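The structure appears right after this line, and notes come after that.
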Amino acid sequence: MNRPATERQPGALRRLSARLSVRWVLPLAVVAPVFLSSVILTLLAYHTGRQTANDLAQQGMRQIHERIEERLDRLMSLPPAINRLNASRLREGTLSLDDPQRNRAAVFETLAAFPDLSSIVLGSAQGHVMWVIRYPGETRYEYAFKSGPDAPMREFDMDPDGRIGDVPLRSFPFDTVKRPWYRAAVDADGPTWGEVYTWVRGGKGVTLGVSYVEPFRDAAGRILGVINCELTLADISAFLGRLEVGRTGLAFIIERDGSLVATSVGVDCMKDGTGRRPAPEAADPRIAAAARRLLGRPGGLAGLNGLLVDHVEIDSQPTQLVVSTYRNRRNLDWLVVTLVPDADFLADVERSRGRSLMIGGGAVLAALVVGLLVAVWLLRPILALVAHARRVGGGDLEARIDRADNREMAELSRALNQMAEGLRDRLRLRHALGLAMEVQQSLLPSQTPAVKGLDVAARSKYCDETGGDYYDYLDVEGIGPGSLFVAMGDVMGHGIAAAMLMATARGVLRSQARTQGSLGKLLTHLNEHIVADTRGDRFMTMFLAVLDVPSMSMRWASAGHDQPLIFDPQQGLLTEIDAAGGGVPLGVIATERYEELVYDGLRPGQVILVGTDGLWESKNPAGEEFGKTRVGEAIAEAADRPAAEIEAHIYRRLCEFCGPRANDDDITYVVIKFVADPSS
1 MNRPATERQP GALRRLSARL SVRWVLPLAV VAPVFLSSVI LTLLAYHTGR QTANDLAQQG
61 MRQIHERIEE RLDRLMSLPP AINRLNASRL REGTLSLDDP QRNRAAVFET LAAFPDLSSI
121 VLGSAQGHVM WVIRYPGETR YEYAFKSGPD APMREFDMDP DGRIGDVPLR SFPFDTVKRP
181 WYRAAVDADG PTWGEVYTWV RGGKGVTLGV SYVEPFRDAA GRILGVINCE LTLADISAFL
241 GRLEVGRTGL AFIIERDGSL VATSVGVDCM KDGTGRRPAP EAADPRIAAA ARRLLGRPGG
301 LAGLNGLLVD HVEIDSQPTQ LVVSTYRNRR NLDWLVVTLV PDADFLADVE RSRGRSLMIG
361 GGAVLAALVV GLLVAVWLLR PILALVAHAR RVGGGDLEAR IDRADNREMA ELSRALNQMA
421 EGLRDRLRLR HALGLAMEVQ QSLLPSQTPA VKGLDVAARS KYCDETGGDY YDYLDVEGIG
481 PGSLFVAMGD VMGHGIAAAM LMATARGVLR SQARTQGSLG KLLTHLNEHI VADTRGDRFM
541 TMFLAVLDVP SMSMRWASAG HDQPLIFDPQ QGLLTEIDAA GGGVPLGVIA TERYEELVYD
601 GLRPGQVILV GTDGLWESKN PAGEEFGKTR VGEAIAEAAD RPAAEIEAHI YRRLCEFCGP
661 RANDDDITYV VIKFVADPSS
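If you read the sequence shown in our numbering, its first letter stands for residue 1, the second for the next number, and so on.
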């Protein structure tokens, strides 16, 4: 029976929605209206903007120059104000021309309070002088002083808190009254701006500076010294750089001879680290082109007065060029030049602003509506997925989510559900492994037994959370205080199964070790238990040894385990006990009988190593095994040290050999050293 179309429609739309890809829907829905709006606004601005650009440009340039000159006045009025302040302090006695070191704190505080200043200098007619300088771009200062006409100038580094070092950076001869800034004040017989000059630091020019100097007189009018406050041209450039000159315009200041004073674009005003740079040689091509045009005018720069407005083409752009004269009361005569492309003023056209705003607003509104609809369509399933992810992250691993808003959301829902199932399994496994690791670590010896005449150390490192290696020190009936019972085992494989078999062997071994009997019988009894428990599916090797100091002998029994290595430092030889009595591994043959053997002739100083094959079978990245020979070499290198250092040296050599390669097997070994004096 056919169902009505109205009943089939929701299911069909849902299937269609599940096939849609968000990568196509979102760009088409948002970009289309924004693109149309941009085209309409661009066409409208093109037809209306060019008609009024020139008038607006000239008006804007005049306003820019007025603002630059106003702010430049503020900057250039700062040195005279600071000089007046310091003159007042000298008259009050707060500062002293004859004791320059006394001025350090006050001068530093003044310079730190006015970041636009670069230097304050106080010099006396008697040759005393001091200054504090802050070089452009640095937070530290330079402090220097000279106490007396024949004393050297001593220069110190000063930190941002005004503290100086104990040792001067350098000392050099300095004739205060012959310095250009001092002579400028004396020759002018009053306040004046000095000539621009190069600041030298460590024999190298670092920047250009200009000083405002004035003589300081006593009540009779005699010159007692000179007060100097300086700006670097870098400071003036930084000041220009903070001004807004249109959107992409620039400003620069030049002297009447064409030398650069400052720029708003960070162009270096020095040439070859010492001299002045002519503006036509500026690194910025716009400044160089404008300077050449001005110098090429009739009368050059000397004939410029008042305000000059010109329309030029620079870098293929129609540009407004405006020049104004900046004269200061104290003989400054500079030219302020601004360059602003016509394009900077097109955005301010008023005639078409109303229609542009209406059309642009409609286009933006359309894009906003479409964007909101698309966002709602996308955000609803995304928010549901976020909420689900938070539930899973909070520990609710049973939570499920099924979203079919589109193909990506359906796939993401399935992936999240599979992830939650995987997390449940991993958490259960991690918990089990964590418990197994804690249990297994607790089964290994927590401390080394103290036996007179023996020095013992051990290490056990598993390649997984749990392993199959085992070692123990056993308490056995019938052995004296000068004996040590050592057990070493290696279960086939590693992981939880190996750890369980190791724990079983440990329990049986500890329960039977307290009863008297040979080591062979102990292994035989343990073998019977393991065969019964594992039905021959798993096996392990084991080595048991009782080392007796009074008799200098070792009773031992082995079930397929590698024999111990014995190093004799007197002969420099590494030997391995004869493996004839090794037997087969535990858990293989139920009827296997193991023997106890005796090794005599142990001597003080000898080192015995009992370990698992993971030590000598460890491989480097090239696949080469560490080998028992390298184990013996490591023992020989540290044989004269305590057992703990021998053990650590062996492991260090192993790590150096293997490099970043991870261990494929568990590594366990016990180092036993017969000390030279058993009573120690």
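Cβ coordinates follow ideal geometry from the N, Cα and C atoms, glycine included. The structure presented is a predicted model; accordingly, all values stated were derived computationally and were not measured.
Query: Please report the distance separating the alpha-carbon of residue 331 from that of residue 183.; Result: 16 angstroms
Query: Consult DSSP for residue 675 and reduce its assignment to one of helix, strand or coil.; Result: coil
Query: Along the chain, where does the beta strand (DSSP E) that runs through residue 232 open and close?; Result: 223-232
Query: Quick one: complete alpha helix (DSSP H) runs, 4+ long, within the region 466-523?; Result: 496-513
Query: Using the rule of at least 16 other Cβ atoms within 10 Å of the residue's Cβ for burial, across every protein chain shown, is residue 673 buried or exposed?; Result: buried
Query: Closest to residue 611 by C-alpha separation, out of 639, 111, 566 and 592, would be which residue?; Result: 566
Query: Less than 7 angstroms between the beta carbons of residue 139 and residue 160, yes or no?; Result: yes
Query: List the endpoints of the continuous alpha helix (DSSP H) containing residue 631.; Result: 627-637
Query: Using 7 angstroms as the threshold, is the C-beta distance between residue 100 and residue 145 below it?; Result: yes
Query: Could you check which residue in 635, 246 and 105 has the C-alpha nearest to that of residue 682?; Result: Outside the modelled stretch of the chain, which goes from 1 to 680, sits residue 682, for which no answer is possible.
Query: To which residues of the same chain is residue 658 closer than 6 angstroms at the C-beta, ignoring the five residues directly before and after it?; Result: 618 and 620
Query: Among residues of its own chain, excluding the 5 on either side of residue 576, which ones have a beta-carbon nearer than 6 angstroms to its beta-carbon?; Result: 563 and 565
Query: If we require 4 or more residues per run, which alpha helix (DSSP H) segments fall completely within the region 153-236?; Result: 180-188
Query: What distance in whole Å lies between the Cβ atoms of residue 312 and residue 323, which are believed to be in contact at a cut-off of 8 angstroms?; Result: With a Cβ gap of about 11 angstroms, residue 323 and residue 312 do not count as contacting.
Query: Over the uninterrupted alpha helix (DSSP H) stretch that includes residue 285, give me the two end residues.; Result: 285-295
Query: So residue 544 packs on residue 487, CB below 8 angstroms; how close in whole Å?; Result: 5 angstroms
Query: Starting from the Cα of residue 141, find the closest Cα among 164, 591, 154 and 462 and give me that residue.; Result: 164
Query: Three-state secondary structure (DSSP) at residue 317?; Result: strand
Query: Roughly how many angstroms lie between the CA atoms of residue 483 and residue 396, to the nearest whole one?; Result: 57 angstroms
Query: Output needed for residue 616: all residues of its chain with C-beta closer than 6 angstroms, excluding positions within five of it in sequence on either side, in chain order.; Result: 626, 627, 628 and 631
Query: Just to confirm, is the Cβ distance from residue 123 to residue 176 under 7 angstroms?; Result: yes
Query: Hey, how far is the Cα of residue 335 from the Cα of residue 256?; Result: 7 angstroms
Query: CA-CA distance, residue 370 and residue 263?; Result: 48 angstroms
Query: What is the DSSP secondary structure of residue 241, counted as helix, strand or coil?; Result: helix
Query: Does residue 663 pass the burial test, meaning 16 or more other C-beta atoms within 10 Å, or should it be called exposed?; Result: buried
Query: Let me know the secondary structure DSSP gives residue 665 once reduced to three states.; Result: coil
Query: With a cut-off of 8 angstroms, do at least 3 Cβ pairs link the region 198-211 to the region 104-111?; Result: no
Query: Cα separation between residue 386 and residue 62?; Result: 57 angstroms
Query: Within 10 Å of its beta-carbon, does residue 229 have 16 or more other beta-carbons around it, so buried, or fewer, so exposed?; Result: buried
Query: Checking 7 angstroms against the spacing of the C-beta atoms, do residue 526 and residue 508 come in under that value?; Result: yes
Query: For a quick check, are the C-beta atoms of residue 169 and residue 157 less than 7 angstroms apart?; Result: yes
Query: Here's a check: name, in chain order, each residue in its chain whose Cβ is nearer than 7 angstroms to the Cβ of residue 286, leaving out the five neighbours to either side.; Result: 250, 314, 315 and 339
Query: Give a yes or no on contact between the region 65-84 and the region 226-242, applying the rule of three or more CB pairs nearer than 8 angstroms.; Result: yes
Query: At a threshold of 6 angstroms, does residue 284 count as lining the ligand HEM (C-beta to nearest heavy atom)?; Result: In the structure shown, the ligand HEM is absent, as is every other ligand, since no ligand is present at all.
Query: From 573, 539, 574 and 410, pick the residue whose C-alpha is nearest to that of residue 585; which is it?; Result: 539
Query: Residue 623 and residue 666 - do their beta-carbons sit closer together than 7 angstroms?; Result: no
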